[in-house]
């Protein structure tokens with residue numbers, strides 16, 4: 145809530161430069177620096193260092209609070225690299241996604257997804273770090289070239305207007321939301337191959353016909369062209385209630401707001417005592 149109020153205040157008081165062809169290089173560099181730091185000092189200290197004050201991960205937990213309670217385990221073998229990235233035309237809000245491994249990059253085990261916001265001091269910090277869980281079909285990361293999301297077309301004009309518009313769209317049911325997928329959207333579901341393009345709408349409806357979403361957080365760029373939504377997902381399997389976390393990126397395109405990245409991850413079980 146504090147982040148939304150801040151975004152609304154800033155949008156009303158400050159004029160933000162907008163690039164016609166924004167370069168996601170800053171978020172790619174931030175992600176790579178984050179990964180390098182994890183290899184240097186361990187994943188827990190690196191996550192603490194790069195988490196925003198309002199950062200979240202896991203089961204929608206406060207990242208600063210959860211990380212402060214974790215003892216440093218000394219693990220430096222968690223490795224990852226960006227394979228796809230996007231940034232707002234205002235240049236202060238973006239995301240990356242790509243493969244990760246737990247053995248120093250030798251065997252990729254899954255796909256990560258990080259949402260970044262540039263802080264008032266100019267530093268990039270993540271507001272969400274997650275992924276759809278272990279999977280066999282991770283994207284390949286080419287250090288020489290990271291594909292980028294095409295620039296937005298138009299926008300809501302401010303973060304506050306974008307938050308309001310996207311939050312309203314999120315109240316639609318999954319079937320309606322599936323029709324708002326961009327033509328090149330990427331959709332990730334647990335234990336299911338990555339879906340893109342024409343296969344994305346059907347994958348979006350997984351893992352069960354009674355899938356439903358509860359929106360918990362909406363963030364947007366100062367230009368009002370890129371937005372991030374986060375919340376709980378619920379469905380049933382064999383009569384048993386299941387719960388997960390959804391995270392998605394919306395972009396303003398020629399047809400209005402479209403989902404360009406969508407993931408659902410299972411609710412994490414508490415660690416054993």
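Numbering (this note's numbering), first residue to last: 145 to 417.
All C-beta atoms in this analysis are idealised placements derived from N, C-alpha and C, irrespective of residue type, glycine included.
- DSSP places residue 180 outside any beta strand (DSSP E); the residue lies instead in the alpha helix (DSSP H), whose first and last residues are 169-185.
- Take the alpha-carbon of residue 289 and the one of residue 398: they are about 27 Å apart.
- Taking C-beta separations shorter than 8 Å and ignoring five residues to either side along the sequence, the partners of residue 310 in its chain run 362, 364, 371, 373, 394 and 401, following chain order.
- A Cβ-Cβ contact shorter than 7 Å links residue 182 with residue 190.
- In this structure, the straight-line span from the alpha carbon of residue 237 to that of residue 175 is close to 13 Å.
- By the criterion of a C-beta distance shorter than 7 Å, residue 178 is surrounded in its chain by 190 and 194, once the five residues flanking it on both sides are discounted.
- Minimum Cα-Cα distance from residue 200 among the listed residues 282, 285, 357 and 259 corresponds to 259.
- When rounded, the separation of the alpha-carbon atoms in residue 327 and residue 294 is 12 Å.
- By the 16-neighbour rule on beta-carbons within 10 angstroms, residue 241 is buried.
- Residue range 318-322 is occupied by the alpha helix (DSSP H) that includes residue 322.
- Secondary structure note for residue 211: its alpha helix (DSSP H) is the uninterrupted segment 207-212.
- Listed in chain order, the alpha helix (DSSP H) runs fully inside the segment 340-383 are 344-348, counting runs of at least 4 residues.
- For residue 259, the pairing in a beta bridge is given by DSSP as 239 and 272.
- Checking the DSSP bridge columns, you'll see residue 410 partnered with 388.
- Bridge partners of residue 194 according to DSSP: none are assigned.
- Secondary structure at residue 304: helix, using DSSP grouped into helix, strand and coil.
- Three or more beta-carbon pairs drawn from the segment 379-392 and the segment 338-358 are found closer than 8 Å, and the two stretches are therefore classed as touching.
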